[in-house]
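Let me begin by presenting the structure, written as structure tokens, before commenting on it.
Numbering (UniProt numbering), first residue to last: 1 to 133.
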């Protein structure tokens, strides 16, 4: 588990699913120009985590941006995969939160599993709270 999420779990919160960038991130122009150092830093520092209470995404190495949404504040998670993405297991994940929140992350490993784990946790979260939408 990533260090950011590990240090910021709330009471009774557990990590359910964690993913990172797919290995194809090493074959981008930015990666090639920096001799894969940029891709390595990005892959090792960014965290995409679903817990039993929240969706937590942390990006950045020196400067940091975090998105922490309660499960009931996520309106949808959209997954886009090219033919290569389907064959190799990566895709683009778009997270739409309540209001105008929308974040897009490309080349994420196992994007369909990421969405499925969110949906499972959301169902458990709403059943535990007795709120059915």
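Ideal placement from N, C-alpha and C gives every residue a C-beta, glycine not left out.
Same chain, Cβ closer than 6 Å to residue 58, five either side skipped, listed in chain order: 4, 47 and 66
Length of the line joining the Cα atoms of residue 81 and residue 73: 24 Å
Chain-order list of residues whose beta-carbon lies under 7 Å from that of residue 31 (same chain, five-residue window excluded): 25, 38 and 39
Buried versus exposed call for residue 109 [16 or more other C-beta atoms within 10 Å across all chains shown]: buried
Reference residue 75, options 121, 101 and 11, closest by Cα: 101
Segment contact, 8 Å Cβ cut-off, at least three pairs: the region 119 to 130 with the region 78 to 93: no
Residues sharing a beta bridge with residue 94, DSSP: 78 and 104
Enclosing beta strand (DSSP E) for residue 55 [first to last residue]: 54 to 59
Given residue 55 as reference, the closest of 118, 128 and 129 once Cα atoms are compared: 118
7 Å Cβ shell around residue 62 - same chain, five flanking residues per side excluded: none
Residues of its chain near residue 60, where Cβ-Cβ distance is below 8 Å and the 5 sequence neighbours each way are ignored: 45 and 46
Chain-order list of residues whose beta-carbon lies under 7 Å from that of residue 16 (same chain, five-residue window excluded): 50, 51, 52, 117 and 121
Bounding residues of the alpha helix (DSSP H) (the contiguous stretch that carries residue 113): 111 to 129
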